[in-house]
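Engineer: Per our numbering, the first sequence starts with residue 26, numbered consecutively. What follows is a single structure, and I will ask about it in a moment.
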Amino acid sequence: MSFPEPADLSDLSVAPASAETVSRKETPESVLADLNSSQREAAQTTEGPVLVVAGPGSGKTRMLMHRIAYLLATQRARPWEILALTFTNKAAREMRSRIDRLAGPAARDLWMGTFHSIFARVLRMEGERIGYGRDFSIYDTDDSERVLRQLMQRADIDAKQYAPRSIRNMLSGAKNRMKSPEEYARSAFGPFQQVAAQLYGLYEEALRTANAMDFDDLLLKPIALFNQHPDALEKYRARWKYLHIDEYQDTNHAQYKLVNLLAGGHKNICVVGDDAQSIYAFRGADIANILSFRRDYPKAVTVRLEQNYRSTGNILRLAESIIGHNRDRIEKNLWTENGEGEPVSLIEAESEREEAQKIEREIRSARAAFGYGYEYFAVFYRTNAQSRSIEDALRQGGVPYRVVGGLSFYQRKEVKDMLAYLRLLINPGDLASLRRVINYPARGIGARTFEWLAAFAEDRQCTVWEAIEQAALAGLPPQGERAVVAFREMMRQHMRQVEAGAPVEDVARSLTEATGLARQLQQDGTPEESLARWQNVQELIGAIAEYAADNPEERTLSTFLQEMALRTDLDDMDDEARVTLMTLHASKGLEFPVAFVTGLEEGLFPISMAMQEQDAVEEERRLFYVGATRAAKQLYLSWARSRFRFGSSSPSVRSRFLDEIDGGVVRAPGGSPIAQRKGRFQADPEETFDIPKNSSYDQMAPHYYRRNLAAPARKANGRTVVYEEGEGAIAPGRCVDHPKFGQGEVLSVEGHGEQMRAVIAFQEAGRKKIMLKYAQLRLVEQ
DNA sequence: AGCATTGCACTTTTT
DNA sequence: GTGCAATGCT
């Protein structure tokens, strides 16, 4: 993706619209010609706030493109006066291709992209005003976790007890809510939050010294910039006279703030969204942003896009029956002129393997029957781990596929290593990257040597790289010093090359040799693995070369690295004839003729963590809604009676969602109507379940409890499977049998539900602390 | 310091 | 099953 940067924004904002801005072929009328009346209204209301409430498949992205085109064609706006914020890079690219045709070369000044990439770009230009170097590193989740892990080690916090991943999520939440470390510390409740509070300040400090920003910073720092420097805000307000925000229901608080700051003056803001498709609350998205838009902008014009162009009547009816179970929503009347189409199919399977095989067979037969290409099919799942069984079945059936997400290209170890080296070249203060590569491949700078350098840096209040530059003063043992000096010289040499303006791909290629990465990769793992890794590194270098060719301006490397950090492999989706596999979250905004929504089982979809809270279940339901509405012609739902999870297979219960949906449009295999049990999971437990009063069930996590009740305790060799029997069954004094450790006596029990652990003294294996969720304990009858 | 081996915790979704 | 972190050996 290329982001040419006009040298001086203030000049551009007063530049007159020039003749070549708008292509002669497009007139305001021709732009509006292929829109329906609602879409046209939204596109033509160019002044003042506009709220577009759009159902799935209503052509909202199309409407947005036309709106921008209309602004240009009527000469109301010049390209640089328009800002379009999208949810994915892919959406931005699709819009851009249309605008490019319309505005020609001038379209390069029209800023269009995700919040993160747009504001990374703003920070590149303005970050120095708030103390960030232009070549700042962008830390992804993985980098942030590493930083936290380091901090925890130094602060003597047990990373096992307080998972860095959860801490990171908590801090991210705090940052999104714009809570300072001090404020957070004041309101921290319970040990987990206190640990997070303790780390918050240190984490922020670590990132700042490293001249690094995490994903949240990319939104927060611009807010800080605008608050501290009103002239900067004025400059951007004056420049962007028309704001467009897609998927507004998924904006978080920081994004909301940014939008309001920028729209504050002219209020020419058009937001588009569907509250029913809000699925990112877990990362701070606040559905209230869209629900209260009219309160924020009382003069807002509301337009509803309710006609669905994508799906058949049956699919739409199913979708409405899903979302109808949610309380909090804006009522919409979706309709379509498309025919009823085929009924929705339900696939029931014994195991996840069989589920996958049935999907594979459906794909092959639909392909043969209707002449669909493989690219017509998509398989959605709730968790990335589910892709494996589907992949296996497709591979066996010879069906080509692609997996979107999961471990993407830029997250592979060898790619991240290479990126870390490159980041260091332009941002030597980047401690996380330095740590990552200083001794990989091994070059004799071990933990002790690193500690030495870190202590020296601490002492001198400088970065570790600066300590390395003065290695001779640090008093290192000669061996360590030699290694550090060699590393320093190697890096310096490449830094000089970058500064001298050498082609970045050449620098990168030279780095693979000089660092020993090439050699290391060639000897690691099996020949195939090592070849694949080496090819990934080559592919990265190829990407750099390509980027450099497209973007001949200065600072190519730093811009490339920043953009890479924000890239997802959804952006790289091609149109090759392959079946697409992805999570339901990743499917948002996409469309396929045939879609499979798989794993409709309690605890998986809805996911167990969500089952405890009504709000979370509603979000799961919206996720189901999003998945179902991706399908244009044919929708399949599937579930398996048993599923292999956490290293063992366990029985599963079909999802409540299957009981909620409109059974009239769904057909089981063979064409029979599906069996449903309405109200199976409703709140009043006495009706549906037989629960002993005052039992330990009262305190159980709902997921656990439902699973237990729905799948009655299994008997295995005449003995009860403890986890499934429930919390009360395992108590101090009881004897249990563990598949690996053999028999033992329970000494103590702690935690509840999923978190429940027990200390057990095994006869042979000794004393162990075991998580009941994973251990398949059985009670020994005495 | 660097390697191999074992053990252990762990799977929600992501810009 | 997987991936990483601690452990122990060279």
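Where a beta carbon is used, it is the ideal one built from N, C-alpha and C, also for glycine. Computed from a predicted model, the values in this text were never measured in an experiment.
Which ranges does the alpha helix (DSSP H) cover as unbroken runs of at least 4 residues, wholly within the stretch 278–327, from first to last along the chain?
Structural biologist: Counting only runs of 4 or more, we get 278–288, 313–316, 318–321.
Engineer: Could you check where the alpha helix (DSSP H) with S555 kicks off and where it finishes?
Structural biologist: Per DSSP, S555 belongs to the alpha helix (DSSP H) from 552–575.
Engineer: Report all residues from its chain with a CB closer than 8 angstroms to the CB of R193; omit the five preceding and five following residues, and keep chain order.
Structural biologist: Answer for R193: T166, S169, E170, L173, listed in chain order.
Engineer: Where does the unbroken alpha helix (DSSP H) through Q411 begin, and where does it stop?
Structural biologist: Unbroken run through Q411: none, as it is neither H nor E.
Engineer: Counting Cβ pairs, one atom from each stretch, are 3 or more of them under 8 angstroms apart for the stretch 533–545 and the stretch 451–470?
Structural biologist: As far as the Cβ criterion goes, the stretch 533–545 touches the stretch 451–470, which means the pair count is three or higher.
Engineer: Buried or exposed: which applies to S317, given that a residue is buried once 16 or more other Cβ atoms fall within 10 Å of its Cβ?
Structural biologist: Per the 10 Å Cβ criterion, exposed.
Engineer: Taking only runs that begin and end inside the stretch 598–652, name each unbroken beta strand (DSSP E) of 3 or more residues, in chain order.
Structural biologist: Those beta strand (DSSP E) runs which fall completely within the stretch 598–652 and span 3+ residues are 604–608, 617–622.
Engineer: Relative to the alpha-carbon of T234, which residue among R154, L456, Y267, Y661 has its alpha-carbon at the smallest distance?
Structural biologist: Considering only alpha carbons, the answer is L456.
Engineer: Buried or exposed, going by whether 16 or more other CB atoms sit within 10 Å of the CB of L287?
Structural biologist: L287 should be labelled buried.
Engineer: Considering only the alpha carbon of each residue, which of E51, S675, G73, A58 lies closest to E375?
Structural biologist: Among E51, S675, G73, A58, the Cα nearest to that of E375 is on S675.
Engineer: Where does G500 fall in DSSP's three states?
Structural biologist: Coil, per DSSP.
Engineer: Throw me the rounded Cβ distance for the K292 and Y322 pair, which I believe falls under 8 angstroms.
Structural biologist: Contact flag correct, Cβ pair sits at about 6 angstroms.
Engineer: What residues are listed by DSSP as bridge partners for L76?
Structural biologist: Beta-bridge pairing links L76 to V296, T327.
Engineer: Run through DSSP, which three-state label would E375 get?
Structural biologist: Note: E375 maps to strand in three-state DSSP.
Engineer: If you scan the stretch 159–183 from start to end, which runs of the alpha helix (DSSP H) of 4 or more residues do you find wholly inside it?
Structural biologist: Segments of the alpha helix (DSSP H) lying fully in the stretch 159–183: 166–179.
Engineer: What do you reckon, are the CB atoms on L110 and D271 nearer than 8 angstroms?
Structural biologist: Yes. Within cutoff.
Engineer: Work out the CA separation of A499 and R407 for me, nearest whole Å.
Structural biologist: When rounded, the distance between both Cα atoms is 52 angstroms.
Engineer: May I ask you to report which of helix, strand or coil DSSP gives S433?
Structural biologist: In this structure, S433 counts as coil in the three-state DSSP scheme.
Engineer: Which full runs of the alpha helix (DSSP H) of 4+ residues lie inside the stretch 473–555, going along the chain?
Structural biologist: The qualifying runs are 489–494, 503–524, 529–539, 542–548.
Engineer: In this structure, what does DSSP give as the bridge partners for I107?
Structural biologist: The partner list for I107 (beta bridge, DSSP) reads Y267.
Engineer: Could you give the distance in angstroms between the alpha-carbon of M90 and the alpha-carbon of W105?
Structural biologist: In a straight line, the C-alpha of M90 is about 15 angstroms away from that of W105.
Engineer: Taking Cβ positions, are V562 and L450 nearer each other than 8 angstroms?
Structural biologist: No; because the gap between Cβ atoms is not below 8 angstroms, this pair is not in contact.
Engineer: Between the C-alpha atoms of T875 and V326, what's the straight-line distance to the nearest angstrom?
Structural biologist: Only positions 26 to 807 of the chain appear in this structure, which leaves residue 875 out of reach.
Engineer: Quick check: what's the CA-CA separation for G158 versus S212?
Structural biologist: Each residue's Cα considered, the two are about 33 angstroms apart.
Engineer: Taking just the CA atoms, how far does R133 sit from R121?
Structural biologist: Going from the Cα of R121 to the Cα of R133 covers about 9 angstroms.
Engineer: Can you tell me which of the three DSSP states D23 falls into?
Structural biologist: No answer is possible for residue 23: it lies beyond the span of the chain, which begins at 26 and ends at 807.
Engineer: For A508, which residues in the same chain have their Cβ closer than 6 angstroms to its Cβ, ignoring the five residues on either side in sequence?
Structural biologist: Cβ neighbours of A508 beyond the five flanking positions: R468, G469, I470.
Engineer: Spell out the partners DSSP gives S674 in its beta bridges.
Structural biologist: Answer by DSSP bridge pairing, in chain order: F669.
Engineer: Report the three-state DSSP secondary structure of Q69 (helix, strand or coil).
Structural biologist: It is helical.
Engineer: For K357, which option in I107, E380, R329, T113 has the closest C-alpha, if you only look at C-alpha atoms?
Structural biologist: With distances taken between Cα atoms, K357 lies closest to R329.
Engineer: Can you list, in chain order, the residues of its chain whose CB lies under 7 angstroms from that of A479, leaving out five sequence neighbours each side?
Structural biologist: For A479, where only same-chain residues beyond five positions count, the Cβ hits under 7 angstroms are V489.
Engineer: In whole angstroms, what is the alpha-carbon distance linking E578 and I569?
Structural biologist: So the alpha carbons of these two residues sit roughly 14 angstroms apart.
Engineer: Leaving aside the five residues before and after G80 along the sequence, list all residues of the same chain whose C-beta is less than 7 angstroms from its C-beta, in chain order.
Structural biologist: Excluding positions up to five away in sequence, the list reads D299, L330, E331, N333, K357, L359.
Engineer: For S390, which residues in the same chain have their Cβ closer than 6 angstroms to its Cβ, ignoring the five residues on either side in sequence?
Structural biologist: There are no such residues.
Engineer: Please return the same chain residues whose Cβ sits closer than 8 angstroms to the Cβ of E72, not counting the five positions on each side in sequence.
Structural biologist: Once the five neighbours on either side are set aside, the close Cβ partners of E72 are N293.
Engineer: What are the start and end residues of the alpha helix (DSSP H) that includes F140?
Structural biologist: Its alpha helix (DSSP H) spans residues 140–151.
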